[in-house]
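Numbering (the working numbering), first residue to last: -12 to 151. The beta carbon of each residue, even a glycine, is placed where N, CA and C say it ideally should be. Contents: one structure, followed by commentary.
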Amino acid sequence: MKKIILQLTIIVSLFAQACSQPLEETRLEKYDITITAPKLKSAPEFTDLKVSETDTELSSYDFYIGNRARVDVKEITASVYPADTSMLKEAVTGSEDFVELIETKQLSNGAFGIIFKMKGSSGTTIKHYIFYFKKGNRFFKMEPVFNSELGDLDKQLAAFGSMK
-12 MKKIILQLTI IVSLFAQACS QPLEETRLEK YDITITAPKL KSAPEFTDLK VSETDTELSS
48 YDFYIGNRAR VDVKEITASV YPADTSMLKE AVTGSEDFVE LIETKQLSNG AFGIIFKMKG
108 SSGTTIKHYI FYFKKGNRFF KMEPVFNSEL GDLDKQLAAF GSMK
């Protein structure tokens, strides 16, 4: 009985802590995008990536969502933007590093992506995701950075779903 009460106390305290993080809108100025997420630890860091005309990743915003979830939002060219989740699934599952498909997601704002397991650089299995979002004639790709267990995934997906 004491064990059950202890477990319930822990669950309630975690829930209270999760609910206590206020949401705020963060503007990614160079992308003309607003994301609603728990207050960011620091301002998103912008990097211009385009070095040559053949580059498909143009620029990047790198920031933390939640306590430990670092994400990378990149502007990409239309030529590498998948038409739908089927095309994305086909590309990812065809990779030699692919291990297992966990979930396919379509978010309320039109963003879509997949969550999957893959082989990391050390050969161990890690969790990963790739999400895509289109705003007007601009295309974006979202991926985790150094988050192989996908901590705070629910906060990341909520933030991606809030992009406008």
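- Look at Asp59 here: in three-state DSSP terms it is strand.
- Within its own chain, the residues whose Cβ lies closer than 6 Å to the Cβ of Lys92, once the five positions on either side in sequence are excluded, are Gly100, listed in chain order.
- In the three-state DSSP reduction, Glu77 falls in the helix class (H, G or I).
- Only buried fits Pro131, as 16 or more other CB atoms lie within 10 angstroms of its CB.
- Less than 9 Å separates the beta-carbon of Glu136 from that of Lys114.
- For Ser149, no beta strand (DSSP E) segment is defined; the enclosing uninterrupted segment is the alpha helix (DSSP H) at 140 to 149.
- Closest by C-alpha distance to Leu27, out of Thr111, Asp59, Ile52, Ser82, is Ile52.
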